[in-house]
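> These protein sequence lines are chains D and F, in that order. If you count by the working numbering, then the first sequence holds residues 1 to 297, one letter each, in order. If you count by the working numbering, then the second sequence holds residues 1 to 227, one letter each, in order. Don't be surprised by glycine CBs; every beta carbon is placed ideally from N, CA and C. My questions will all concern the structure given below.
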Amino acid sequence: MCGIVGLFLKDQNLQPELGTYLADMLVKMSDRGPDSAGMALYSKSLQFDMKLTLKFEPAVRKQDLQAILDKDLKNKFDVQLRGSHVVICFSKSDYDVVLDCITQFNSVACVMSKGEVIEIFKEVGSPRNFVDHFQISGFHGTHGIGHTRMATESAVTTSGAHPFSTAFDQCLVHNGSLSNHNGIRRKLLADGMKFETDNDSEVAATYLSQKIASGSSLRDALNQSLDDLDGFFTFVVGIKNGFGVLRDRIACKPAVLAETDQYVAFGSEYRALTNLPKINLAKVWEPEPATVYFWTH
Amino acid sequence: MKIFDLENDSLRSLNHNLQSIKAGSVTTDWQVENPGGSHALAVGLNAEVNVSIKGSTGYYCGGMNQQAKIHIYGSVGPGVGENMMSGQIIVEGDASQYAGATGHGGLLLIKGNASSRCGISMKGIEIIVMGNIGHMSAFMAQSGNLVVLGDAGDGLGDSIYEANIFVRGHVKGLGADCIEKDMRLEHINTLERLLLTANCDVDSKNFRRYGSARSLYNFKVDNLNSY
């Protein structure tokens with residue numbers, strides 16, 4: 001099973017509601033996977049051009065991180081605690097220094113995402129606990145994707161939860177299972193790519209990131225994945241300015257899209273979408289198999 | 001008319017009430033409001049009741065139906081009318097995957113499009129889709145009629161045993177052992193009866209019939225080396 005939701009806002013007036021809508025959508029998908037939940041939220045910071053999200057062990061104190069950053073960073077920065085994660089917003093020119101600073105926390109912290117606009121939160125447990133713990137409803141932003149997991153291919157851990165982010169501002173959520181992920185992982189490892197988990201979906205995310213890093217567009221990378229990835233999948237892939245959707249050729253993993261003048265929404269089931277504005281007037285359809293869909297700002 | 005509002009009333013109590021109506025009871029009308037994409041709405045009914053659902057539903061709406069007339073004023077999720085035995089299900093919108101799967105009887109009318117695997121393993125049900133159907137529809141179909149006013153996706157009728165598939169539009173591709181067949185008088189009569197039932201004012205002459213070449217019925221010893 002697993003449940004996926006996604007929301008891409010066309011109407012800027014809805015941006016303050018992004019978290020509220022996505023939280024409701026994800027909780028509605030709870031029955032599809034209670035093991036762990038996660039969300040990637042995209043929002044531009046007015047003051048800073050880089051964000052880094054970390055999961056912290058409870059023993060670590062925000063003040064300790066703040067003190068180290070205070071000492072080493074040249075420019076202004078901001079550290080926000082959100083549940084078990086912290087988001088560091090800073091200037092791009094300080095990127096290497098920030099990475100150096102957080103190496104001191106390597107044993108107790110884990111990087112969830114890096115990029116200009118992306119923030120990823122994920123945890124073991126139900127979507128209800130997840131959205132409350134991370135106060136997802138308070139989020140403003142341009143687009144976001146969420147996932148609730150029923151684990152099949154690897155252990156139920158925070159890093160095994162979706163979304164998987166394997167490059168700046170990129171992330172992937174997956175419903176399905178890949179059968180040739182070990183072979184693809186070996187090839188990617190040989191090419192110097194790194195993995196955090198044994199998860200099949202992380203392989204898909206890394207595969208796409210590598211294609212993009214070597215010059216493919218996301219559209220071309222997704223089309224190529226139809227030949228290279230064997231198994232069942234519905235992917236939603238987040239990028240800096242939008243998201244894409246792809247289902248495998250068999251398309252047995254469910255997917256519903258809805259579009260109005262104000263937004264494009266994705267749900268594993270229609271019921272995820274029922275609280276969106278004017279959903280009764282939306283164009284609602286199932287994405288075709290082996291067809292790449294994209295919405296960008 | 002009895003009205004159930006799923007904003008306030010539970011799905012379980014709705015299904016319990018509907019399933020408690022015994023066959024042969026006086027026909028009653030039921031209306032379901034705010035279905036909100038719920039799963040397993042109005043499943044396992046076995047009486048001549050009319051159920052009107054005002055909105056879109058999730059998985060398995062009207063599954064295992066016997067005798068009841070279920071009318072959905074919205075779209076339906078996967079498996080609408082799965083294993084239906086008799087009665088009638090009308091969908092005003094679109095249907096997701098495997099609509100009418102394994103159905104033994106009754107009529108399933110979908111006024112919009114149906115997604116992949118429509119009528120998979122159908123065993124006597126009659127399905128009319130006024131729009132298009134997705135890939136692998138009527139896979140391993142055994143009996144019954146599937147009428148499509150629009151186009152059909154790839155792999156239509158793969159490994160079909162029997163059953164008639166009537167398509168008015170374009171067929172992207174036929175599955176293994178599915179071939180185009182002659183439209184004889186009996187088929188024209190069946191098709192016209194179904195079009196009349198669905199109030200479809202279209203000419204039966206514009207349809208083509210597809211069915212089984214029956215070459216998979218028996219094992220061919222020539223293929224032994226393939227195993």
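Out of D:F48, D:F139, D:A258 and D:R32, state which residue places its alpha-carbon closest to the alpha-carbon of D:L14.
That would be D:F139, whose Cα lies nearest to the Cα of D:L14.
> Would you call the stretch 141-161 of chain D in contact with the stretch 67-80 of chain D, where contact means no fewer than 3 C-beta pairs closer than 8 Å?
Contact between the stretch 141-161 of chain D and the stretch 67-80 of chain D is absent, because fewer than three Cβ pairs lie under 8 Å.
> Measuring CA to CA, which of F:Y59, F:I125 and F:L196 is closest to F:H39?
With distances taken between Cα atoms, F:H39 lies closest to F:Y59.
> Determine the extent of the beta strand (DSSP E) in which F:G211 is found, giving its start and end residues.
Looking at the DSSP string, the run of the beta strand (DSSP E) that includes F:G211 is R208 to S212.
> Going by CA-CA distance only, name the one from D:S177, D:S209 and D:F168 that's closest to D:S154.
Answer by Cα proximity: D:S177.
> Determine the contact status of D:E119 and D:L41, defining contact as a CB-CB distance below 8 Å.
Yes, the pair counts as a contact, with Cβ atoms nearer than the cut-off.
> Taking the alpha-carbon positions, what's the F:I90 to F:I72 distance?
Rounded to the nearest angstrom, the two C-alpha atoms are 6 Å apart.
> Pairing CB atoms from the stretch 229-236 of chain D with CB atoms from the stretch 274-282 of chain D, are three or more of them under 8 Å?
Because the criterion of three Cβ pairs below 8 Å is not met, the stretch 229-236 of chain D and the stretch 274-282 of chain D do not touch.
> Considering D:V86, what are the terminal residues of the beta strand (DSSP E) in which it resides?
Counting along the chain, the beta strand (DSSP E) containing D:V86 begins and ends at H85 to F90.
> Can you tell me the Cα-Cα spacing of D:D24 and D:V173, whole angstroms?
D:D24 and D:V173: Cα-Cα distance of roughly 18 Å.
> At 8 Å on the CB atoms, spell out the chain D contacts of F:S38, in chain order.
Residues of chain D passing the Cβ test: R271.
> Give the range of the alpha helix (DSSP H) segment to which D:T206 is assigned.
Per DSSP, D:T206 belongs to the alpha helix (DSSP H) from D200 to A213.
> Kindly indicate if chain D contains any beta-carbon less than 8 Å away from that of F:G79.
No, F:G79 does not count as interfacial toward chain D.
> For F:H187, does the three-state DSSP call read helix, strand or coil?
Looking at F:H187 - three-state DSSP - the assignment turns out to be helix.
> How far does the alpha helix (DSSP H) with F:N15 in it reach, from first residue to last?
Per DSSP, F:N15 belongs to the alpha helix (DSSP H) from L11 to Q19.
> Taking C-beta pairs closer than 8 Å, name the residues in chain F that D:A161 reaches, listed in chain order.
Per Cβ cutoff of 8 Å: no residues; D:A161 is ~25 Å from chain F at best.
> For D:S36, list the residues DSSP reports as bridge partners.
D:S36 is bridged to D:V124 and D:R149.
> Which bits of chain F does D:T274 rub up against, with CB to CB less than 7 Å?
Those within 7 Å of D:T274 in chain F are G36 and G37.
> How big is the Cα-Cα spacing for D:T291 and F:D158?
Distance between the alpha carbons of D:T291 and F:D158: 22 Å.
> Name, please, each residue of chain F whose Cβ falls closer than 9 Å to the Cβ of D:V284.
Result: S56, S75, G93 and D94.
> If you follow the beta strand (DSSP E) that D:C110 is part of, which residue opens it and which one closes it?
Looking at the DSSP string, the run of the beta strand (DSSP E) that includes D:C110 is A109 to G115.
> Of the choices F:C178, F:T197 and F:Y227, whose alpha-carbon is the least far from that of F:Y217?
Among F:C178, F:T197 and F:Y227, the Cα nearest to that of F:Y217 belongs to F:C178.
> Leaving out the 5 sequence neighbours to the left and right, which residues in its chain are closer than 6 Å to D:F130 when beta-carbon positions are compared?
Correct list, in chain order: A37 and E123.
> Just to confirm my understanding: we take D:Y270, look at its own chain, exclude 5 residues before and 5 after, and list those with CB closer than 6 Å. What are they?
Cβ neighbours of D:Y270 beyond the five flanking positions: V256.
> Can you list the beta strand (DSSP E) stretches of 3 or more residues lying completely in the stretch 167-198 of chain D, in chain order?
As far as the stretch 167-198 of chain D is concerned, its whole beta strand (DSSP E) runs of at least 3 residues are 170-178.
> Check whether the Cβ of F:H135 lies closer than 8 Å to any Cβ atom in chain D.
Chain D contact via Cβ: present.
> Give the secondary structure of D:K62 by DSSP, where H, G and I count as helix, E and B as strand, and everything else as coil.
Helix.
> DSSP three-state call for D:A265: helix, strand or coil?
In the structure shown, D:A265 sits in a strand (DSSP, three-state: E or B).
> With DSSP run on the structure shown, which of helix, strand or coil describes F:K69?
F:K69 falls in the strand class under three-state DSSP.
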